[in-house]
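With the first letter of the sequence shown counted as 1, position 106 gets the number 106 in the UniProt record's numbering; the numbers rise by one all the way through. Ideal placement from N, C-alpha and C gives every residue a C-beta, glycine not left out.
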Amino acid sequence: MIFSKDPDSYLLLGTQSSRDAELQLHQAVAHGSVAAVQRLLRRKDLALDTLDRNGYTPIHLAVESDRLEVVDLLLSHPRANVNCTDKDGNTPLWLSTYSSPYEITERLLAEKEISVNLIGGGGRFEMPSTSLHHAAARLDTVLLRRLLAVPEIDPNLCVAGHSPISIAACHGRVNTVACLLNMGNVEINGRGLIDPPLCRAAAHGHHDVVRLLVQQGTRLNINESTIASHDTALCIAARNGDLEMVQTLLLHNKIDVNLRNEYFEDPDVGSQQWSFLDCSCSLGKHQTQTLQFEEIS
């Protein structure tokens, strides 16, 4: 492949793409040629949403290659569409929160017309998700806090069986869960739409997350169960022999130790079946204390 020696040149010579005017901008973006991008953006017939043979628009290329200056140039064009999609239906914001530096996401969010709740994940990606789902899976909360500051953000959007807080709970991101809990409008229960975040955290042994959720008191439906097997978090913890988890869950004053799953197992049966005697003893002690309290009342 031969490049022009002119520093202001935006053409790649000797290629089919160089003769295709619609793809000249893609070439300039892909090679990080700021001068070429500036020159091309002055063309009146420029189509910024054109897809290349890989299904990307120029701005998608700039985002994926982490070229902040080029992203800024493209977004500054009057015909720029910050919500344009690639061949898989993914927006630049979705792509940036998936893999790009925070600065690029920040630049995209500065656009007034940005749509923050669009669902992406088509093509080579594992499952549908939103930008907030990506942020919830990260170790730090910088991106999460920035997205939550957008007035239009929906913190409860359920996609592919997950809400942002259930993603965080599943991965054990205690700081993220804490950040989401600070928002009064975040739904922390499954509501029959997804497996409860509490159950996901219990299944993966994330004690700190479970403790944080239990501390929410009546805001948490402690007895909510999974959709498929109807296991409560207590059932899951007892069956796994996780005594610390069982004791944490028993701290909630609305806990019901007698709820059964689809196999008619209650938490005590599950713990005995797997010979987890410590868990069984804790459950038995809790039942005794509950009965004594009811008799006094």
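| Query | Result |
| --- | --- |
| Residue range of the alpha helix (DSSP H) that includes residue 69 | 68-75 |
| Closest by C-alpha distance to residue 299, when choosing among 85, 248, 73 | Nothing can be reported for residue 299: it is not among the residues displayed for the chain, which extend from 1 to 297. |
| For residue 142 and residue 102, believed in contact at Cβ under 8 Å, the rounded distance | 6 Å |
| Cα-Cα separation, residue 81 to residue 116 | 14 Å |
| Where residue 162 sits in the DSSP three-state scheme | strand |
| Nearest-angstrom Cβ-Cβ length linking residue 214 and residue 251, presumed shorter than 8 Å | 6 Å |
| Burial state of residue 217, where buried means 16 or more other Cβ atoms lie within 10 Å | exposed |
| Residue 262, buried or exposed, once every other Cβ within 10 Å from all chains shown has been counted against 16 | exposed |
| DSSP beta-bridge partners of residue 232 | 225 |
| CA nearest to the CA of residue 61, picked from 42, 76, 100 | 100 |
| As assigned by DSSP and simplified to three states, the class of residue 217 | helix |
| Nearest-angstrom Cα separation, counted from residue 265 out to residue 87 | 48 Å |
| Neighbourhood of residue 32 by C-beta, 8 Å cutoff - its chain only, sequence neighbours within 5 removed | 65, 67, 70 |
| Residue-level contact to chain D via CB, residue 98, 9 Å cutoff | Although the question refers to chain D, the structure presented lacks it and comprises just one protein chain. |
| Assumed close pair residue 334, residue 119 - CB separation to whole angstroms, cut-off 8 Å | What is shown of the chain runs 1 to 297, which leaves residue 334 out entirely. |
| Three-state class that DSSP yields for residue 300 in the structure shown | Given a span of 1 to 297 for the chain in the structure shown, any question on residue 300 remains unanswerable. |
| CB of residue 37 within 9 Å of CB of residue 47, strictly | no |
| Status (buried if at least 16 other CB within 10 Å, exposed otherwise) for residue 139 | exposed |
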